[in-house]
Amino acid sequence: MYLEKISLTNYRNYESLEINFSEQINLFRGPNAQGKTNLLEAIYYLAIGRAYRPIREDQLIKWGHNHCLLKGEVKNKIGRVNLEVILCDLEQAQKLKRAKKEIKVNGLKIRRMTDFFGNLTAVLFAPENLNIVKGAPSARRKLLDNDISQVSPSYYLQLQKYNQILKQRNFLLKKIRKSGRDYAELEIWDLQLKKVGEKIIQKRLEVLEKLTPLTRLMQRKLTGGRENLEFRYFLNRETEIKKGANLKSIINEEFAKVKEKELERGITLWGPHRDDFLLTVNGINLKLYGSQGQHRTAVLAIKLAELEFFKSESGEYPLLLLDDVLSELDQERREYLLEIILSKAIQCFITTTEDVSSFFKNDDNFTSFYVQNGVLQ
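Just so we're aligned, residue 4 is where the sequence shown starts under our numbering, counting upward by one.
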């Protein structure tokens, strides 16, 4: 799978950009705040259909303009695919009587994100990915949800459905707290929440079961066989789910535990939106007791495992996006990463403020661009 070309119009600090890419390594070099990360963000947007940072989408539109356009030409196992995203601010959308966001595949407007996922897949490794280890549970859930949605679009539909149910149930819980009525209606939402929630949790467990041996292997290679990295999944951040457990029974028990508190507080206190998974190295909690170096190595192992996971699920390697992380790795890990990229013919996009051309042994392996104020040279 390759992204052959990208075109940007009024996106972030890019007024107009059209660029063809190498099928191997594409290096974007330049000072900070010039648009390197914005370019990776645009590429990742074409894979997941949204910005990977928490931001209003109209903020992706270049200041002083009312719309932006992203286009990508992809070559995958099916053939060539043209992806297009149009974002408008509210005023422009109302004026043109169109949605604020419109996505097209091969010129045809899609109505469901399930028709978009899978045309282009990507794995992102950015400095904030250290939050996968040391951050809040939401960072770890986001990792799983983004990966699963790209290879299993039906999972994305389940997430959407779950969030709608959650919103309705929370509204009803607040209403019950004030009025003391509508308990019968709550039972209906309870059943739906548990049913859809179980499907989401089950899929996450299945994917973690596939990711675990891949991550363990990568961690051992990166540490000379000294460290084993494992995942442990927890419902509500408290109850660990182990292989072979009766998930439905455990969900019913956990759901019953918090029901009284939910009625008191008027909010849903159980569900996959509150789950977490713990990372351990040689049985030790990595978040609490791991060093900064161990955190970085673990995230790299996870990212390398993601590459193999995508390959096993879709038959193709995804794009690899490295946002200002190459110079943060020591020589051994950096060389191992580059060896994997080149040996497996993975298309890679790298941003850096430094001249890292010396990291590459063969000039033919990479194409370098200098980025300054939204212009590539």
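Built from N, CA and C at the ideal position, the CB exists for glycine as well.
- With respect to the beta strand (DSSP E) encompassing His70, which residues constitute its N-terminal and C-terminal limits? Per DSSP, His70 belongs to the beta strand (DSSP E) from 70-78.
- Message: In the DSSP assignment, the alpha helix (DSSP H) including Glu21 goes from what residue to what residue?
- Response: For Glu21, there is no enclosing alpha helix (DSSP H); the enclosing beta strand (DSSP E) covers residues 17-23.
- Task: Starting from the C-beta of Glu265, find all residues in its chain whose C-beta is less than 7 Å away, skip the five residues before and the five after it, and write them out in chain order.
- Result: Closer than 7 Å at the Cβ level, and outside the excluded window around Glu265, lie Leu176, Thr271, Leu272.
- Query: Using the C-alpha atoms, what's the distance from Gln27 back to Leu303?
  - Reply: Going from the Cα of Leu303 to the Cα of Gln27 covers about 19 Å.
- Candidates Phe24, Arg56, Leu86: which alpha carbon is nearest Leu49's? Ranking Phe24, Arg56, Leu86 by Cα distance to Leu49 puts Leu86 first.
- Query: In three-state terms, what does DSSP make of Arg223?
  - Reply: Three-state result, Arg223: helix.
- Assigned exposure category for Ile64 - 16 Cβ within 10 Å defines buried: Burial state of Ile64 is buried, judged by a 10 Å Cβ sphere holding 16 or more other Cβ atoms.
- Message: Let's test the definition: count the other Cβ atoms within 10 Å of the Cβ of Asp150 and tell me whether it reaches 16, buried, or not, exposed.
- Response: Counting Cβ neighbours within 10 Å, Asp150 comes out buried, since at least 16 surround it.
- Query: Distance, Cα to Cα, Tyr320 vs Phe363?
  - Reply: Taking the Cα positions, Tyr320 is about 21 Å away from Phe363.
- Item | Asp150, enclosing alpha helix (DSSP H) - first and last residue | Its alpha helix (DSSP H) spans residues 140-154.
- Message: Buried or exposed, going by whether 16 or more other CB atoms sit within 10 Å of the CB of Lys100?
- Response: With fewer than 16 other Cβ atoms inside 10 Å of its own Cβ, Lys100 counts as exposed.
- Message: Contact between the stretch 207-224 and the stretch 300-316 is defined here as three or more beta-carbon pairs at a separation below 8 Å; is this criterion met?
- Response: Verdict: yes, contact present.
- Message: Taking 8 Å as the threshold (C-beta atoms), are Phe234 and Leu43 in contact?
- Response: Note that the C-beta distance between Leu43 and Phe234 is not below 8 Å.
- Simplified DSSP state of Tyr55, which is helix, strand or coil: Under the three-state reduction of DSSP output, Tyr55 falls in the coil class, being neither helix nor strand.
- Inspect the beta-carbon positions of Tyr159 and Thr124 and report whether they are closer than 8 Å. Cβ atoms of Tyr159 and Thr124: not closer than 8 Å.
- Query: Is DSSP giving Glu105 helix, strand or coil here?
  - Reply: In the structure shown, Glu105 sits in a strand (DSSP, three-state: E or B).
- Message: My parser needs the beta strand (DSSP E) runs of 3 or more residues fully inside the stretch 321-347; what are they?
- Response: The qualifying runs are 322-326.
- Could you pull out every residue in the same chain whose Cβ sits closer than 6 Å to the Cβ of Arg32, ignoring the five residues on either side in sequence? So the list reads Thr355, Tyr373, once near-sequence residues are dropped.
- Go through its chain and collect everything with a Cβ distance to Arg180's Cβ below 8 Å, but skip five positions before and after it. Closer than 8 Å at Cβ, skipping near neighbours: Leu266, Glu267, Arg268, Gly269.
- Message: For Ser361 and Lys39, what's the separation of their Cα atoms in angstroms?
- Response: Cα to Cα, Ser361 sits roughly 20 Å from Lys39.
- Task: Identify the continuous beta strand (DSSP E) that holds Ile270 and give its terminal residues.
- Result: Premise fails: Ile270 is in no beta strand (DSSP E) and is neither H nor E.
- Item | Neighbour-count burial assignment, Trp66, 16 or more Cβ in a 10 Å radius | Its Cβ having fewer than 16 others within 10 Å, Trp66 is exposed.
- Query: Which word fits Tyr55, buried or exposed, when buried means at least 16 other C-beta atoms lie within 10 angstroms of its C-beta?
  - Reply: Under a 10 Å Cβ-count criterion, Tyr55 is classified as buried, with 16 or more other Cβ atoms of the shown protein chains found around its own Cβ.
- Provide the residue span of the beta strand (DSSP E) that contains Glu233, from first to last. Here the beta strand (DSSP E) through Glu233 covers 232-238.
- Message: Nearest by alpha-carbon distance to His70: which of Asn79, Glu60, Lys78, Leu291 is it?
- Response: Selected option, being the one with the closest Cα: Glu60.
- Less than 8 Å separating the beta-carbons of Asp333 and Leu127? Cβ atoms of Asp333 and Leu127: not closer than 8 Å.
- Task: Look up Gln62 in the DSSP assignment and say whether it is helix, strand or coil.
- Result: Looking at Gln62 - three-state DSSP - the assignment turns out to be helix.
- How do the stretch 237-257 and the stretch 178-196 stand: do at least 3 beta-carbon pairs fall below 8 Å, yes or no? Under the 8 Å Cβ criterion, the stretch 237-257 does not count as touching the stretch 178-196, having fewer than three qualifying pairs.
- For Ile81 and Thr370, the rounded distance between their alpha carbons: Cα to Cα, Thr370 sits roughly 26 Å from Ile81.
- Message: Once DSSP output is grouped into helix, strand and coil, what is the label at Glu87?
- Response: DSSP, reduced to helix, strand and coil, places Glu87 within a strand of the structure shown.
- Taking Cβ positions, are Gly377 and Asn16 nearer each other than 8 Å? For Gly377 and Asn16, yes; Cβs fall inside 8 Å.
- Query: Roughly how many angstroms separate the alpha carbons of Lys78 and Glu311, rounded to a whole number?
  - Reply: The alpha-carbon atoms of Lys78 and Glu311 are separated by roughly 19 Å.
- For Ala129, does the three-state DSSP call read helix, strand or coil? Ala129: coil per DSSP, three-state reduction.
- Task: Please state whether DSSP places Arg229 in a helix, a strand or coil.
- Result: Note: Arg229 maps to coil in three-state DSSP.
- Report, in whole angstroms, the separation of the C-beta atoms of Leu211 and Thr300, which I expect to be a contact under 8 Å. Actually they are not in contact, since the Cβ atoms of Leu211 and Thr300 sit about 19 Å apart, beyond 8 Å.
- Message: Less than 8 Å between the beta carbons of Phe258 and Lys197, yes or no?
- Response: Cβ distance < 8 Å, so Phe258 and Lys197 count as in contact.
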